[in-house]
Structures are given as structure tokens and as C-alpha cells.
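Colleague:
Numbering (the UniProt record's numbering), first residue to last: 1 to 143.
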């Protein structure tokens, strides 16, 4: 009985240790390599109320528009459209990317990653528009 009690106590202590070591910073260590579908953009001007713009550019009957973070630093921004024969095709814009913890660089732009998990990627930056700070949050979902 004492042996079982020791085993249960050891398991409980190990569980507490694992729970206490979980850190949100670990999420930023996750890989963003892969395809991420456009979902929505959130705009916040001058600290005001957020305005959500759901992405509606997906071509009906085709795969969704997406961005792809390719291992090695190639960034693909891909729009899927239909040609005059109603056949889906991809148009891509290429750039570079790099991620260091919660900082994401795409081309010459720097972003702060706020969510990175197995299904969602959110990154944001703030720009000055005519003296007004405007925060733009991009929300992507895993393809």
C-alpha cells in the first residue's frame, strides 16, 4: 500500500511540475512553416474599437487563398482565381520571412505574433496614418 501511495504522490508532483512549466512563450517557439488560409483582418485606429473584416476573397469552387511559410525563408502569398475557362489557378507573390520568438519579419515589415498554435496564427503591427496610430491584426487559420 505504501508503495502505491508513493507512486501516486510522485505522479501528482510530476503533473504539477509539468503544469507549472507550461508557458505561453512556448507557443511562439512553434513552427509557422506551412500553409495558412486568410481568415480576417482586425483594424484598431487610435486605440478605438476593433473593426473586423472577414476575408471574402476566396474564389468559389477553388481552394482558399493562403500564405505559405516555406522552410528556408521563402514567403508565398497566393491568390487562387478562375480563368476564362473556369479553371482555378494560383497567382503568387514571393518574399522572404524570418521568425525570432514572437517577432515575425516578412520582407521588410516586422510584426508581433500574438497567437501561434496548431490552428491559428495572428500577427500585428502598428503604422502611423496621417498622425493616427493604426494597429492591423492579420488572422490566419491552418490549412
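Ideal Cβ positions, reconstructed from N, Cα and C, are used throughout, including at glycine. Owing to the predicted nature of the structure, the values given are computational and were not obtained by experimental measurement.
Return the residue from the list 109, 131, 84, 42 that minimises the CA-CA distance to residue 122.
Modeller: The candidate whose alpha carbon is nearest that of residue 122 is 42.
Colleague: Check whether the region 73-80 and the region 88-96 are in contact - that is, three or more C-beta pairs closer than 8 Å.
Modeller: Touching, yes.
Colleague: What number of angstroms, rounded off, separates the C-alpha of residue 108 from the C-alpha of residue 139?
Modeller: When rounded, the distance between both Cα atoms is 20 Å.
Colleague: Tell me which residue opens and which closes the beta strand (DSSP E) that residue 88 is part of.
Modeller: Residues 88-100.
Colleague: In whole angstroms, what is the alpha-carbon distance linking residue 120 and residue 130?
Modeller: Their Cα atoms are separated by approximately 32 Å.
Colleague: Who are the near neighbours of residue 67 in its chain, counting only those whose CB is closer than 6 Å to its CB and skipping five residues on each side?
Modeller: So the qualifying residues of the chain are 36, 77.
Colleague: Quick one: residues in its chain with C-beta nearer than 8 Å to the C-beta of residue 112, no 5 flanking neighbours on either side, listed in chain order?
Modeller: Excluding sequence neighbours, residue 112 sits near 102, 103, 104, 123, 124, 125.
Colleague: Ends of the beta strand (DSSP E) at residue 125?
Modeller: Residue 125 -> beta strand (DSSP E) spans 120-129.
Colleague: What three-state label does DSSP hand residue 59 in the structure shown?
Modeller: The answer is coil: DSSP assigns residue 59 none of H, G, I, E or B.
Colleague: Taking residue 34 as part of the beta strand (DSSP E), name the residues at either end of that continuous run.
Modeller: Residues 34-45.
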